[in-house]
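Here the structure comes first, spelled out in structure tokens, and everything after it is commentary.
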Amino acid sequence: MKKKVLLIMLVVLLSSIGALQRNVNVEAEVTTETWDKAYAVSQDKVWNVAFNTKMSPSSFTSDTVYVMNNSTKSKHPVTFSLSSDGKVLSVKPTKPYTMHQEYTLHVDQKVASSLNRTMIKSIELPFLISNKYVITDFNGKALKSYNDLDTAIANAATDNTQMIQLDGTTVWIQSGIARTKAYTLIYDSPTLQKNITYVSGESELQYVKSYGEILQIKVAGKTGYVEADKVNLIPYKLATGKRSYYKNVDGDLYHYIYTSSGFGVYKYGAAPANMANGAIAYSWDGKTFNGQTAFFLNQRDLRTPSSVTAAELDNYIKANKADSPMIGLGKTFIEMEKQYNVNAVYLMAHAIHESAWGMSKIAREKNNLYGINATDSNPYGNADTYKSYEGSVMYAAKYISDKYLTSGTWQYNGRFLGNKAEGMNVRYASDPFWGQKIAGHMYRAEQWIKANR
């Protein structure tokens, strides 16, 4: 079988062509550009370096072109040959590269053209000698490799201490978390034809199975599929202290959400009966704890009428944010509940969550309390503008009633806030805990109102 040849396009910027130098002082500055690592490289790999001009054979020496073993820090023996037109340099190993070792091809900027002009940058190309699927330890060290995933899985350790990589991306772990790198679509099958929901960056998904470039996951307990390069797979052994959890604090359930910048926390609802005070638990769907299902307000039917007054809603807002521009909207929340059959406490809680008590820039400058059309790609620019806060509440009540709480629309997934498997959260927000956070606002509001009657 004819081996693939990778052409390394080294652009030789001649010192006489100042316009191409982009203000780089060739004589004063020594720079190196490191290219993306090459994976699954064969032991007899011949690198073909293509230049854009005829090169000087005498400039290619063991000091200007060489391959370094990254582990031993020694040069691997290679030979050079220049093509007849002087534009392609072949770098061939005189003995096979060692399997599962990393090397780096170095091309120094001192190599020169036939006109004695040197390159503006040195080039480094790291590469790994391996088969397609590489078993590694937690430090990324290659241990074994195979050309098919099933064989690699069969030969990986069963104690959750090893991973399998494909082109530098981890595509298999025994068990653990798939944490999204950025906004990520979740699909209904490995063909990735139809998305069922989407999540924001740093969301935690439950890893289930690998198909190589495609991973089977669960989001809030529902099966889905994602592209492997959209997530970081984290074995449970590496997730200690770096994953979200719930804690019973004096009868209230607090949710601690992990991100790379630390933990955020909010009060979610009453702690489940099977959780002792101070106990910590993990839950993928926000309702199943230690094998038992508990009820939280993100499961409440939002068509259920509230039992609060406009004054109580205003007093709650005033007690928690004395300078909130939302004070006085209690009447509008109650009126919209009656007109559109949407729970008033929910309408207030949703506005509080989306607008930071009416203090966000979108709320203050656009009177948009609900983040309507504030897309992840351009929240402020795409957010709708309203004439008043009252107008925002009135629009949102009708919009949510018609689109999210009425069956038959593409947005409808149940008449409750829910999570990423069911309810409004499936199609309303990328934050997988959006529904739970609003439920937390509802819980705290109802607890305060009850205590202050």
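Taking mature numbering (1 follows the signal peptide of the UniProt record, and there is no 0), I'd label the letters of the sequence shown as residues -21 to -1, 1 to 432. We put the beta carbon where it would ideally sit given N, CA and C, even for glycine. Just so it is clear, the structure is predicted and the values come from calculations on it, not from any experiment.
Among the options, nearest to residue i - alpha-carbon criterion
| i | options | result |
| --- | --- | --- |
| A298 | I428, A131, S239, P56 | I428 |
| N357 | S371, V372, M34, I341 | I341 |
| V287 | S371, M421, I379 | M421 |
| A353 | E333, Y125, G370, S367 | E333 |
| G147 | I175, A323, Y112, T159 | Y112 |
| K173 | V210, L164, S21 | L164 |
| T58 | G65, K201, V46, G220 | V46 |
| Q318 | A400, D381, G419 | D381 |
| M254 | A135, K366, K226 | K226 |
| T13 | E103, K66, T51, T43 | E103 |
| S168 | G155, T140, V205 | V205 |
| N361 | Y368, S367, E344, A376 | E344 |
| K366 | N347, A376, K377 | N347 |
| I193 | Y166, K216, A218, V178 | Y166 |
| N392 | K74, N139, D280 | D280 |
| T328 | M142, D23, G414, V187 | Per the sequence shown, the amino acid found at residue 328 is Ala instead of Thr. That would be G414, whose Cα lies nearest to the Cα of A328. |
| Y247 | S240, S239, K71, V228 | V228 |
Residue i versus residue j: straight-line alpha-carbon distance, rounded
| i | j | result |
| --- | --- | --- |
| S223 | I213 | 13 Å |
| F106 | L145 | 13 Å |
| residue 497 | N110 | Examination of residue 497 is not possible in this model, given that the chain is present from -21 through 432 alone. |
| T137 | I196 | 20 Å |
| N27 | M78 | 21 Å |
| T40 | N31 | 19 Å |
| K221 | N211 | 13 Å |
| N431 | V324 | 16 Å |
| G419 | M338 | 19 Å |
| N294 | R158 | 40 Å |
| T149 | I132 | 12 Å |
| A424 | T11 | 59 Å |
| A289 | Q426 | 16 Å |
| S69 | K16 | 19 Å |
| A249 | I108 | 55 Å |
| I296 | T170 | 48 Å |
| V25 | P56 | 12 Å |
| I417 | M142 | 37 Å |
| L276 | T202 | 24 Å |
Residue i classed as buried or exposed, judged by whether at least 16 other C-beta atoms fall within 10 angstroms
| i | result |
| --- | --- |
| V405 | buried |
| G309 | buried |
| I259 | exposed |
| Q278 | buried |
| T311 | buried |
| A330 | buried |
| K52 | exposed |
| G155 | buried |
| A7 | Residue placement at A7 cannot be trusted, given a pLDDT of 38 that sits under 50; the coordinates are not used to answer. |
| S262 | buried |
| V178 | buried |
| A199 | buried |
Expected contact under 8 Å - CB spacing of residue i and residue j to nearest Å
| i | j | result |
| --- | --- | --- |
| N49 | Y82 | 6 Å |
| P411 | S182 | 5 Å |
Extent of the continuous beta strand (DSSP E) run through residue i
| i | result |
| --- | --- |
| A400 | Counting along the chain, A400 falls outside any beta strand (DSSP E), and DSSP gives it neither H nor E. |
| E314 | Per DSSP, E314 belongs to no beta strand (DSSP E); it is in the alpha helix (DSSP H), 309 to 319. |
Span of the alpha helix (DSSP H) around residue i
| i | result |
| --- | --- |
| S371 | 368 to 382 |
| Y233 | Note, Y233: premise wrong, no alpha helix (DSSP H); beta strand (DSSP E) at 231 to 238. |
Chain C within 9 Å of residue i, Cβ atoms only
| i | result |
| --- | --- |
| F268 | No chain C appears in this structure, which consists of one protein chain only. |
Contact test: residue i Cβ vs the ligand ADP heavy atom, cutoff 8 Å
| i | result |
| --- | --- |
| T159 | Among the components of this structure there are no ligands whatsoever, and the ligand ADP is therefore not found. |
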